[in-house]
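**Student:** Structure in structure tokens, see below.
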């Protein structure tokens, strides 16, 4: 990716962030996928959480961790702690695989289960965990039956 392309992507993320703060409901699956593609795709792994209110409006999109080309540390306790601080009712986990293959690793599945357990215990809803690959490839753990 050229420096010019990186600049365009960062500007697009800013525009999308401003749009979502004015229109904070993700109204369709395609809108969520488009948002995921813009917000987390890149050369290193990034882990975001969309914190939502009871009407599925975005309270906050939080970049909770950045990693390397093939790993990002995620702490379920911190994910849930932030949800409680924001008074969120639901969350959507999003991270990317810079390799381009959105297939979940065992670590991805295990971490998701830990967050799901904490959410259930505290009355939060975990809607999905989206893994963003290359191009237009995204994978939903809910669609795979893993949630």
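In our numbering, the protein residues as written are 37 to 183.
Glycine included, C-beta positions come from ideal geometry on N, C-alpha and C.
Computed from a predicted model, the values in this text were never measured in an experiment.
Classify residue 141: buried if its beta carbon has 16 or more other beta carbons within 10 angstroms, exposed otherwise.
**Tutor:** So residue 141 counts as exposed.
**Student:** Determine which residues share a DSSP beta bridge with residue 94 and list them.
**Tutor:** Answer by DSSP bridge pairing, in chain order: 88.
**Student:** If I follow the unbroken alpha helix (DSSP H) through residue 116, where does it start and stop?
**Tutor:** Taken as a continuous stretch (DSSP letters only), the alpha helix (DSSP H) holding residue 116 covers 112-121.
**Student:** What would DSSP say about residue 76, mapped onto helix, strand or coil?
**Tutor:** Residue 76 falls in the helix class under three-state DSSP.
**Student:** What are the start and end residues of the alpha helix (DSSP H) that includes residue 143?
**Tutor:** 142-158 is the extent of the alpha helix (DSSP H) around residue 143.
**Student:** Counting C-beta neighbours from all protein chains within 10 Å, is the total for residue 147 16 or more, i.e. buried, or is it exposed?
**Tutor:** With 16 or more other Cβ atoms within 10 Å, it is buried.
**Student:** Expressed to the nearest angstrom, what Euclidean distance is found between the alpha-carbon atoms of residue 174 and residue 104?
**Tutor:** Taking the straight line from one Cα to the other gives about 19 Å.
**Student:** Count the other CB atoms, across all protein chains shown, that sit within 10 Å of the CB of residue 39; report buried if there are 16 or more and exposed otherwise.
**Tutor:** That one is exposed.
**Student:** Taking residue 180 as part of the beta strand (DSSP E), name the residues at either end of that continuous run.
**Tutor:** Counting along the chain, residue 180 falls outside any beta strand (DSSP E), and DSSP gives it neither H nor E.
**Student:** What are the boundary residues of the beta strand (DSSP E) that residue 126 is part of?
**Tutor:** Taken as a continuous stretch (DSSP letters only), the beta strand (DSSP E) holding residue 126 covers 126-132.
**Student:** Would the beta-carbon of residue 90 fall within 8 Å of that of residue 125?
**Tutor:** Yes, these two residues count as a Cβ contact at 8 Å.
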